[in-house]
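Notes to accompany the following structure.
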Amino acid sequence: MATTPRKKAAAPRRLGVWLFGAYGGLATTLVTGARAIVRGLATPHGLATETELCRDLPLAPIATMVFGGHEVRGGDWAASAKDIHQQNGTLPQALDRALAADLKKLSKNVRPGVMVNAGATIERVTGAHDSHTRTLRQQLDQLQKDLLAFQKANRLDSVVCVNLTSTEPVLKTSPAHRSLAAFEQAIDKDDQKAVRSSSLYAYAAGKLSLPFVHFTPSNAALLPAIRELFALTGTPYAGMDGKTGETLVKSALAPMFLYRNLRVLTWQGYNILGDRDGAVLADDENKAAKIASKDALLPQILGYPLHSHVGIDYVPSLHDHKTAWDFIHFEGFLGHRMSMQFVWQGCDAILAAPLVLDLVRFADLARQRGESGPMTHLACYFKQPIDTTTHNLHAQWQMLVDYTNRHREKSRR
Ligand SMILES: NC(=O)c1ccc[n+]([C@@H]2O[C@H](COP(=O)([O-])OP(=O)(O)OC[C@H]3O[C@@H](n4cnc5c(N)ncnc54)[C@H](O)[C@@H]3O)[C@@H](O)[C@H]2O)c1
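Quick note: the sequence shown uses the working numbering, first residue 12, plus one each step.
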């Protein structure tokens, strides 16, 4: 009996996920969590991409993701996960043990990062210093080589880059940042003051057209010059500063006051957090980036200026469990003044890790569909969404729903 030769099933796409700041609390929780989900040891709670929102979209399965990254501290993901378990209790020891081999193997994909113009606090907290032995151009060449080698060694169809490094002090912008030509000149002149590490990471991703997700508030990554590079190389990108806690609640709650025509007079927020991130944010220069990020949305949502303040203090014993207390003073009918308060107690990395996995999948989808430029439909994930002034969480969510609906339609055709 003649048999028709069976068609060989297409091998699933393999997606590389490159994490700048690889052994940090967030990156480690993300990698450990992703492997736990793949091995059936955890549920994908917290991922919007696992809900009806993304039904029938060709999103990369977590099992096809291969992790790698750049880091300036030593160690590996197994040691970092153990440390998180001891400090924070979020990655149970049994899970760390079950995944130790996976984590050790993946850690082979982590390469030494760059440390440029990082500021004294990041140097002190990470214990890493710029050795000034290589020029900016040499460092950039190395970053690109690392990314290409990762792609080749793991036979990856695509790579998404995510910046999860420590929050840098705000970089004072200068003419060197206004155009790609001026920026490249500054690189060639080895002008270290014109860049920070995040600028080099973003530039390396842009040069290789790898989608770039900027999860921190560091302004040095998405400089106009780098955005020009993204446009030139057709690179999709998103940022800045993940919206995971107090600001998420603010952006969901402020519209309520707007809808009911209750005038907000004052919104005071006070955050306490520990961990390495908290230690970095204890420095006023590094904190400035975060505060700008957390404070800007209220006048935009409400449509009028108000008295507001965001405080952030470092409380080491909290580790990754942060607390935010917000006080809202508002005026209603007959000018009567009332108030509300809320307390948000979240674990930073547990809140952020699933968001980063969502962002990676959406960035990869954009790449598959040939989209480029700022991914404004991802605004709901960020405190300072790029190229949109929409901060209202409900409106941002609708932007994402509309985008996924459009893509579902395309997938059906
Ligand atoms: N909920 C959240 O966790 C959340 C929300 C929004 C933004 N963020 C931002 O995400 C970032 C990561 O948060 P985290 O809690 O993991 O902080 P973390 O301090 O634990 O991790 C940062 C990691 O980056 C590494 N690093 C610093 N400079 C580097 C460089 N130049 N190159 C390579 N690696 C470098 C550090 O060694 C560390 O491992 C922070 O900037 C934080 O503000 C986090």
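All C-beta atoms in this analysis are idealised placements derived from N, C-alpha and C, irrespective of residue type, glycine included.
DSSP three-state call for residue i: helix, strand or coil?
i, result
"S209", "helix"
"Q279", "strand"
"Y34", "coil"
"P7", "Missing from the structure shown is residue 7; the chain here goes from 12 to 424 and no further."
"K183", "coil"
"R348", "strand"
"D306", "helix"
"F268", "helix"
"A335", "strand"
"M12", "Confidence in M12 is poor, its pLDDT being 47 and thus under 50, which makes the residue's placement unreliable; the coordinate value appears in the next sentence. Correct three-state label for M12: coil."
"T120", "Correcting the residue type first, residue 120 is Asn in the shown sequence and not Thr. Coil at N120, not helix or strand."
"E134", "helix"
"G384", "strand"
"I397", "coil"
"H320", "strand"
"Y315", "coil"
"F226", "coil"
"R189", "coil"
"M126", "coil"
"N506", "The chain is shown only over 12 to 424; residue 506 falls outside these bounds and no answer can be derived."
"P69", "coil"
"P23", "coil"
"A249", "strand"
"G357", "strand"
"L167", "coil"
"H425", "Examination of residue 425 is not possible in this model, given that the chain is present from 12 through 424 alone."
"G79", "strand"
"L273", "coil"
Would the C-beta of residue i count as close to ligand 1, meaning under 6 angstroms from any of its heavy atoms?
i, result
"H81", "yes"
"L182", "no"
"R122", "no"
"T178", "yes"
"P208", "The question names Pro, but residue 208 is Ser in the sequence shown. Yes, since a heavy atom of ligand 1 falls inside the 6 angstroms radius drawn around the Cβ of S208."
"F194", "no"
"G32", "yes"
"G85", "no"
"G343", "no"
"A363", "yes"
"R287", "yes"
"F373", "no"
"L37", "yes"
"L329", "no"
"G57", "no"
"F393", "no"
"G253", "yes"
"T43", "no"
"A360", "yes"
Run the CB neighbour count on residue i, radius 10 Å, all protein chains shown included, and call it buried at 16 or more, exposed below.
i, result
"E63", "exposed"
"Y212", "buried"
"A33", "buried"
"K394", "buried"
"Y214", "buried"
"P72", "exposed"
"F344", "exposed"
"S208", "buried"
"P23", "exposed"
"G434", "With the chain covering only 12 through 424, there is no way to say anything about residue 434."
"R46", "buried"
"T176", "buried"
"Q162", "buried"
"E82", "buried"
"A21", "exposed"
"Y248", "buried"
"A160", "exposed"
"M12", "Bear in mind that the predicted position of M12 carries a pLDDT of just 47, short of 50, making it too unreliable to give a figure here."
"Y392", "buried"
"Y414", "buried"
"F31", "buried"
How many whole angstroms separate the CB atoms of residue i and residue j, which I take to be in contact at a CB cut-off of 8 angstroms?
i, j, result
"A360", "T60", "A360 to T60, Cβ: 18 angstroms. No contact."
"Q311", "T399", "Contact flag wrong, Cβ pair sits at about 10 angstroms."
"E195", "G130", "With 8 angstroms as the limit, E195 and G130 do not qualify as a contact, their Cβ atoms being about 24 angstroms apart."
"V224", "V412", "20 angstroms between Cβ atoms; not a contact."
"Q279", "F338", "5 angstroms"
"G256", "W355", "6 angstroms"
"R25", "R122", "Going by Cβ atoms, the distance from R25 to R122 rounds to 19 angstroms, so no, they are not a contact pair."
"A300", "P228", "4 angstroms"
Using 6 angstroms as the cut-off, classify the Cβ of residue i as near or not near the heavy atoms of ligand 2, replying yes or no.
i, result
"M126", "Looking at this structure, you won't find ligand 2 anywhere; what it does contain is ligand 1."
Worksheet item: Would you call the stretch 43-60 and the stretch 260-279 in contact, with 3 or more CB pairs under 8 angstroms?
Response: no
Item to complete: Evaluate contact between the stretch 285-300 and the stretch 319-334, counting only Cβ atoms and requiring at least three cross-stretch pairs below 8 angstroms.
Response: yes
Worksheet item: Do the stretch 368-383 and the stretch 217-228 touch if we need at least three Cβ pairs shorter than 8 angstroms?
Response: yes
Fill in: Three or more C-beta pairs below 8 angstroms linking the stretch 289-304 and the stretch 164-174
no
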